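Structure record follows, encoded as structure tokens.
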Amino acid sequence: MADFRRLYDFTEAGRDDLKVPADDFNVTKRIDTLLVNPLHQLPLGSFGGSNAAIRATGRELNLAYRNLTRAGMVRLCSGQQLAERFGLQPLDAGQILTGNGGASLDVLADDQKKSFAEDTPLWFYVLREAELNGGRLTGVGGRIVAEVFHRAMEGSRASIVRDPLWRPSLGPDEGTFHMVDLLLFAFENSKELLAPLG
């Protein structure tokens with residue numbers, strides 16, 4: 188269950204009763220290129236059924252290895268290719284190789300670093316991009332997430348994006364609409380529903 192008070196500032200809608208202490212607000216972890224320990228060695232049987240798990244050893248159980256291998260198998264575009272497609276300024280080689288406190292690529296040989304910096308796997312690119320932007324999805328990663336939600340909304344027969352005349356009307360006035368306005372409407376202005384854990 189989500190405690191929306193920790194994700195959105197309801198005081199902008201005049202709901203001071205939904206304010207949480209600053210230390211409890213948005214306690215999400217920043218997105219970066221580091222893997223937590225359990226993802227370095229996934230448990231046997233976490234993919235491909237029990238027969239595949241018996242054959243899996245070493246790097247096949249590492250999430251990074253699996254994501255990078257899968258991207259190569261399906262010929263997924265690189266981060267730079269997608270940035271270009273979206274009309275965005277791609278990360279430069281220094282940003283890709285150095286990052287901001289995330290995964291170190293120092294173990295790569297010089298030719299591998301050059302290749303990686305020019306044709307960065309999308310999974311790593313999105314994580315490095317977020318790492319360089321305060322731990323938040325922006326650029327390519329943000330666009331991918333936004334388009335997934337938008338496409339899902341377009342696919343619904345009752346979606347607001349199918350009505351070109353639709354405008355948000357839940358805000359305090361005609362020209363203002365925030366996520367908290369939608370949440371207050373969806374959860375019937377109920378503190379108990381917005382903060383189910385109390």
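Numbering-wise, this note's numbering comes out as the position in the sequence shown, counting from 1, plus 187. Where a beta carbon is used, it is the ideal one built from N, C-alpha and C, also for glycine. Only a predicted model underlies this, so the values are computations on that prediction, with no experimental measurement involved.
How would you call residue i, buried or exposed, if buried means at least 16 neighbouring beta carbons within 10 angstroms?
| i | result |
| --- | --- |
| S377 | exposed |
| P383 | exposed |
| R192 | buried |
| P355 | exposed |
| L352 | exposed |
| D313 | According to the sequence displayed, residue 313 carries Val and not Asp. That one is buried. |
Below 7 Å between beta carbons: does that hold for residue i and residue j?
| i | j | result |
| --- | --- | --- |
| A317 | L309 | no |
| Y195 | V367 | yes |
| G286 | R315 | yes |
| A290 | T220 | yes |
| F273 | R330 | yes |
So what does residue i bridge to, in DSSP terms?
| i | result |
| --- | --- |
| S265 | P308 |
According to DSSP, simplified to helix, strand and coil, what is residue i?
| i | result |
| --- | --- |
| Y252 | helix |
| T198 | helix |
| V145 | With the chain running from 188 to 385 in the structure shown, residue 145 is simply not present. |
| A258 | helix |
| E341 | helix |
| L384 | coil |
| D368 | helix |
| F191 | helix |
| I241 | The pLDDT assigned to I241 is 48, lower than 50, so where the model puts this residue is not dependable, and the model offers no usable value. |
**OP:** Identify every run of the alpha helix (DSSP H) within the segment 269 to 332, keeping only runs that are complete inside it and at least 4 residues long; order them along the chain.
**Re:** 280 to 285, 297 to 305, 309 to 318
Original post:
In the segment 210 to 234, which residue ranges form an unbroken alpha helix (DSSP H) of at least 4 residues, counting only runs that do not cross its ends?
Top reply: Counting whole runs of 4 or more residues, the segment 210 to 234 contains the alpha helix (DSSP H) stretches 224 to 227.
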